[in-house]
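In UniProt numbering, the protein residues as written are 1 to 167. Ideal placement from N, C-alpha and C gives every residue a C-beta, glycine not left out. Written below as structure tokens is the structure these notes are about.
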């Protein structure tokens with residue numbers, strides 16, 4: 001039986017259910033039944049617009065974002081699905097900060113709720129730097145179904161590892 005690293009910290013009864021789906025090769029069918037289609041936000045410009053709409057709806061007073069883009073190196077280098085980065089530069093004695101969000105390229109061909117979950121997660125880092133209760137409360141405020149989506153993204157990643165592309 002393959003190791004289910006993405007869901008290893010969940011309760012054993014959930015892991016057993018996922019193990020059964022994997023053994024019966026039904027994990028893909030389960031995911032497709034919940035998320036039958038992918039989104040069409042495949043360009044960096046479309047991703048930027050999408051993320052800025054989420055930001056303007058939920059985080060109007062947070063710091064500005066200068067870049068939002070897909071990054072093919074994230075999964076390999078950082079073992080992450082998205083990154084929020086702040087760079088500070090000195091321009092003539094004045095400090096300027098820039099915020100950017102990078103999303104793993106694998107989300108170019110994923111269901112839209114998965115992309116939304118990653119964007120919400122990275123936007124929440126504008127207000128809360130650490131993964132604490134306030135951070136997850138903010139994520140739930142922006143996306144009420146956040147925890148279920150996070151779990152389903154973990155199932156999606158498990159499927160990718162074991163069986164390859166789903167969409």
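If you count every other CB in all the chains shown that lies within 10 Å of the CB of residue 25, and 16 or more means buried, which is it?
That one is exposed.
Reference residue 159, options 27, 103, 10, 8, closest by Cα
The shortest C-alpha separation from residue 159 is found at 27.
Measuring alpha carbon to alpha carbon, tell me which residue in 156, 162, 161, 164 is nearest residue 35.
Of the candidates 156, 162, 161, 164, the one whose C-alpha sits nearest the C-alpha of residue 35 is 156.
To which residues of the same chain is residue 166 closer than 8 angstroms at the C-beta, ignoring the five residues directly before and after it?
So the qualifying residues of the chain are 28, 31, 32, 156, 159, 160.
With a CB to CB cut of under 6 angstroms and the five nearest residues on each side skipped, what residues in its chain are close to residue 142?
The beta carbon of residue 142 sits closer than 6 angstroms to those of 58, 120, all from its chain and outside the five residues before and after it, given in chain order.
Within 10 Å of its beta-carbon, does residue 91 have 16 or more other beta-carbons around it, so buried, or fewer, so exposed?
Counting C-beta atoms within 10 angstroms of its own C-beta, residue 91 has fewer than 16 neighbours from the protein chains shown and is therefore classed as exposed.
Can you tell me whether residue 100 is helix, strand or coil according to DSSP?
Residue 100 falls in the strand class under three-state DSSP.
For residue 50, the residue or residues it bridges with in DSSP
DSSP, once it has assigned bridges, lists no residue as partnering residue 50.
Residue 72 and residue 105 - do their beta-carbons sit closer together than 8 angstroms?
Yes, they are a contact pair.
Considering just the uninterrupted stretch of the beta strand (DSSP E) at residue 69, what are its terminal residues?
Residue 69 -> beta strand (DSSP E) spans 67-71.
Just the C-alpha distance for residue 126 and residue 84, rounded to the nearest angstrom, thanks.
As the crow flies, the alpha-carbon of residue 126 is around 8 angstroms from that of residue 84.
Could you check if residue 76 is buried or exposed, using at least 16 other CB atoms within 10 Å of its CB as the buried criterion?
Residue confidence is low: residue 76 scores 45 on pLDDT, short of 50, so the model does not pin down where it sits. Its coordinate-derived value is still stated next. Exposed, by the Cβ-count rule.
Can you name the start and end residues of the alpha helix (DSSP H) that residue 118 belongs to?
First-last of the alpha helix (DSSP H) with residue 118: 112-124.
Length-filtered (4 minimum) alpha helix (DSSP H) runs lying within the region 128-164:
The region 128-164 contains these whole alpha helix (DSSP H) runs: 133-142, 146-163.
Which residue comes first and which comes last in the alpha helix (DSSP H) that contains residue 19?
The continuous alpha helix (DSSP H) containing residue 19 extends over residues 12-23.
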